[in-house]
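What follows is a short report on a single structure.
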Amino acid sequence: MGRPPGRADRSAQEAGGGFWGRMQGIPRYYIHLLLAGVVVWQLLAPISMPIAPSAATQGVYDAIAAVPDDKLIVISADWDASTQAETGPQTQAIVQACLREGKRFALMSLGAPMGIRLAHEIAQEAAREHGAEYGVDWCNWGYKYGYGNVLMALAKDIPRAVGSDFYGTPVAELPMMEGVTDIRGIGLVIEVTGLAAITEIWLGLIQGPYGTPLASAYTAVMAPGYYPYLDSGQMQGMLVGAKGAAEMEALVERPGKAVAVMNVQSWAHVLIIALIVIGNAGYVLAGRRRR
Amino acid sequence: MNPDAYVLWAAAIATLGVYTILYRENPISRLFEHIFVGLSAGYLLVITWTLNLEAKWWQPMVAERRWWWVFAPVAGGLFYFIFSRRLSWLARLVMGLFFGAGAGTFFRQFFPIYAPQFYACFKPLRPDAELPWSQVLLHHWMFVIILLTVLSYFFFSVSHEGRAGRALGRASLLGRWFMMIAFGAMFGNTVMARVSLFIGRMRFLLTDWLGSFIPWFAGRGL
Amino acid sequence: MLRLFQPATHQGVLVAALAGALVLSIALLYCLHRFLGPRQRRRLIAAVTFVAGLFYGLEYFYPAREGRNFLTPWIEPVSTMLAVIGAFTVGLGIYSLCQVHGRNVAQRRSGWHNSAAFFGAMAAMLVFGLWDYYLRLPEPQPQVLPWPKAVYAILFGGLYAPLQAATFSLLAFYIASAAYRAFRIRSAEAALMMAAAFVVMLGQVPVGAWLTGFIPLDSAWAFFRLEVLGDWIMRWLNMPAQRGIVFGIAVGALAMSLRIWLSLERGTFFSEGT
């Protein structure tokens, strides 16, 4: 017994026969093949185009450069493998910017235990390139369960709230944590996330009450909802999806995965637009034929 | 044992196994879905113990002999009474604790998050030395008109009859149009996000996996 | 009273204290259940909810000297206690999953082998995850690992992360097929939405900048470059609409938080069984 007709099948039925009518009802896997074909084509034979940084991305870079040398940058890697294609290159570009500017940074995660492990591998590789030493130039506070509870505790007493780092070492024993006891030791928080509502926790418990600068990197899905915070000055800058990561890679002069993704993204977007136009044109033409 | 090659091949097989669903539902994709859920459940248990309970509860209670930490599993165990009709009120007791804490946390966050949003609504509506007419019109006036019309859309309890009501009705219609533009922008970004995820996976399959045994794929501009 | 809350002097005292506290807790819960009527139970829940919210709210609003008041030293321990209590809820979801899949296996329902695979994967991740955690190696880790760590690396990096990434990447295909088969522009509003989407989609990618690259950046027509137009839509059309929505959400969330804090909320969850 077949499944009941879905919405697309009813469109095909409504469209009637003829070429356009039949085109309305083509099986889904042809469209899947088309998308896969465009992506594979561009991955194997990319047509490179220049990428110019936007003001929002420049804001993130400028915020990193403006951090005083005696303060830390906290990079909150609240993402996991489901958004790795966007947030991974974003994290990589941000870490590269921190190392390029000679700023000490600490990784942590409030919402994604998997992400902190993936971010750790990214930071390790970048640190090797720049000759940065763990515990001196960068560290990983690890995943801290508790969301707002962690941040409220962290603002008052970082060593106690964080406890031990990714390797199990008490953070107070790390050389770079000397003198960093509370929120005053943090010069910038960069939130890299694909999860909703984590930014509001940082805004409400850290940026708002203590004035700690905040910058963000989001998946492209989430970014539209956070433009109000960019406009109000609560955020210094924002990376938007793979595009933001590519722009940041251009700023740190280390083109990587994000630039490669954007080359492919162009033609995938053209395909999606073409599919919408052809689908609607076919619907109209098939409807006329039926009449 | 060097797991790198096994990791690479396992990742490729798992990815291709999931992608078989793109043709149609099949036993292979269903198997991988169940494996994924099982791994997620196991991982959740591991990180709950290793990254939370062991350091924050077990060590203080056993190693530091702070005996009062025994109340934590008692309180946490109350959640499980949700499965009992007679005793479910005990679960509501501990949930009330968390709901109250959540509400209190929200009160703390409300002004720091939303007060700057309110202040940022007041934008200059006249040009000056630094602000040309084009920017004032295209940016600030657009902002005010869109904000007010969008807010007017959400006044559902005010009737759209009478002179004032009809004005509100027209404003809310305009607000709906502006919201459609915002939703279109969100859709455009959604397409970018979703396609990026697939591009990331294909890059892995072509460069990392195929490139590991077919050199031609290894350095394709990535 | 506070002197009671001192660390035990040795293991024997610790065991006695743990046992005593456990017995006391169970006795207290039994008495509460036995002797409190429905109305008193509701009042107790309301009181606990109120005090929990009052603590966090009061600590923020109470006048502080050098950023601290009399409640500030309690923020960290209370927050940690709540985080630990919350961690014990992990069993709720696991119990549901095990119940569903266990029934499939026990009754040999269609596809029971998938449920068996679920249990196998969960057990493997649990065993090797804990084994990996307790088998500490000095950094940097060697390429050749002890076999339990290698198995965990395969489970995490070879199965868990790629499966998650692949599952979410399926959305790209669904959006592509929906774009062709389901998105129909049947009204002016839908046309406006799609036009904005097209501009943003092209403005976000290099090909959009290339298409309108013939317009000089410093000319009066630069506004019509796709990347400039796309950015303007995001910052000055999308942003005020999102802010309007944010205000709506903020007011709604504040009202809801107040209702929950004061236990004014009614409904299935809030009043059933008490």
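Protein chains in written order, with my numbering: chain D, 427 to 717; chain U, 23 to 244; chain B, 878 to 1151.
We put the beta carbon where it would ideally sit given N, CA and C, even for glycine.
Under 7 angstroms Cβ-Cβ, which residues of chain D neighbour residue i?
i	result
I135 of chain U	E626, L629, G630 and G634
D1108 of chain B	S480
Under a CB-based cut-off of 8 angstroms, is residue i close to chain U?
i	result
F1050 of chain B	yes
T645 of chain D	yes
P479 of chain D	no
A1000 of chain B	yes
G708 of chain D	no
A1132 of chain B	no
S692 of chain D	no
Y652 of chain D	no
Would you say residue i faces chain B, with C-beta separation under 8 angstroms as the test?
i	result
R223 of chain U	yes
G191 of chain U	no
R526 of chain D	no
W90 of chain U	yes
W18 of chain U	Because chain U is modelled from 23 through 244, residue 18 of chain U falls outside the range shown and cannot be assessed.
Q660 of chain D	no
M427 of chain D	Legend: pLDDT at M427 of chain D = 42, less than 50; position of this residue unreliable, no value from coordinates given.
W231 of chain U	no
G696 of chain D	The sequence shown places Val at residue 696 of chain D, rather than the Gly named in the question. V696 of chain D counts as touching chain B.
P431 of chain D	The predicted position of P431 of chain D is uncertain, since its pLDDT is 49 and thus under 50; a value taken from the coordinates is nonetheless stated next. With 8 angstroms as the cut-off, P431 of chain D does not count as an interface residue toward chain B.
P154 of chain U	no
Name, please, each residue of chain U whose Cβ falls closer than 9 angstroms to the Cβ of residue i.
i	result
E943 of chain B	Within chain U, no residue comes near E943 of chain B; the closest Cβ sits about 19 angstroms away, beyond 9 angstroms.
Which residues in chain B have a C-beta closer than 9 angstroms to the C-beta of residue i? List them in chain order.
i	result
Q139 of chain U	R1120, V1123, F1124 and A1127
Interface residues of chain U around residue i at Cβ under 8 angstroms?
i	result
G1035 of chain B	P25, Y28, V29, L30, W31, A32, A33 and A36
P681 of chain D	Going along chain U, no residue has its Cβ under 8 angstroms from P681 of chain D, so there is no contact; the nearest lies around 10 angstroms.
With distances taken between CB atoms, is the gap from residue i to residue j smaller than 8 angstroms?
i	j	result
M999 of chain B	L1032 of chain B	no
V521 of chain D	A641 of chain D	no
T513 of chain D	V618 of chain D	yes
A686 of chain D	R188 of chain U	no
Q516 of chain D	A643 of chain D	yes
V696 of chain D	V1084 of chain B	yes
W446 of chain D	A712 of chain D	yes
A532 of chain D	D504 of chain D	no
V1105 of chain B	G122 of chain U	no
L1088 of chain B	L1103 of chain B	yes
H56 of chain U	N991 of chain B	yes
R87 of chain U	L891 of chain B	yes
For a cutoff of 8 angstroms on Cβ pairs, would you count residue i as touching chain D?
i	result
G1150 of chain B	Caution applies to G1150 of chain B, whose pLDDT of 49 falls short of 50 and renders its modelled position unreliable; the model cannot decide the point.
F1060 of chain B	yes
L1079 of chain B	yes
R242 of chain U	yes
I971 of chain B	no
P1083 of chain B	yes
Q131 of chain U	yes
Q1041 of chain B	yes
Counting only the same chain and skipping the five closest in sequence on each side, list residues whose C-beta sits under 7 angstroms from that of residue i.
i	result
S51 of chain U	G39, V40, T42 and I43
V493 of chain D	I499, K529, G613 and L614
Taking just the CA atoms, how far does residue j sit from residue i?
i	j	result
S956 of chain B	R586 of chain D	12 angstroms
S234 of chain U	T607 of chain D	47 angstroms
F132 of chain U	P476 of chain D	42 angstroms
A581 of chain D	I609 of chain D	5 angstroms
M101 of chain U	R198 of chain U	The question names Met, yet the displayed sequence has Phe at residue 101 of chain U. Those two C-alpha atoms are separated by around 43 angstroms.
I1126 of chain B	A983 of chain B	46 angstroms
A1059 of chain B	T212 of chain U	16 angstroms
G184 of chain U	Q1119 of chain B	29 angstroms
F1075 of chain B	W1098 of chain B	19 angstroms
P1019 of chain B	C143 of chain U	56 angstroms
V977 of chain B	Q1041 of chain B	22 angstroms
P650 of chain D	P1117 of chain B	11 angstroms
D657 of chain D	P134 of chain U	15 angstroms
V172 of chain U	N1115 of chain B	11 angstroms
L53 of chain U	A994 of chain B	7 angstroms
P950 of chain B	G667 of chain D	40 angstroms
Residue i versus chain B: which residues are under 7 angstroms apart at the beta carbon?
i	result
K78 of chain U	T957, A960 and V961
V217 of chain U	A1049
I want to verify the contact list: residues of chain D whose CB lies under 8 angstroms from the CB of residue i, in sequence order.
i	result
T949 of chain B	K582
N268 of chain U	With chain U covering 23 to 244 only, the question about residue 268 of chain U has no answer from this structure.
Taking 6 angstroms as the limit between beta carbons, can you name the residues of its chain near residue i, skipping five residues before and five after?
i	result
L677 of chain D	P479 and Y487
Strictly below 7 angstroms CB to CB, what residues from chain U border residue i?
i	result
D458 of chain D	It is worth fixing the name first, because residue 458 of chain D is His in this sequence and not Asp. Per Cβ cutoff of 7 angstroms: L44.
Tell me which same chain residues have a C-beta within less than 8 angstroms of the C-beta of residue i, skipping the five on either side of it?
i	result
T1151 of chain B	Low per-residue confidence applies at T1151 of chain B: pLDDT is 48, beneath 50, and the placement is therefore not dependable enough to give any value.
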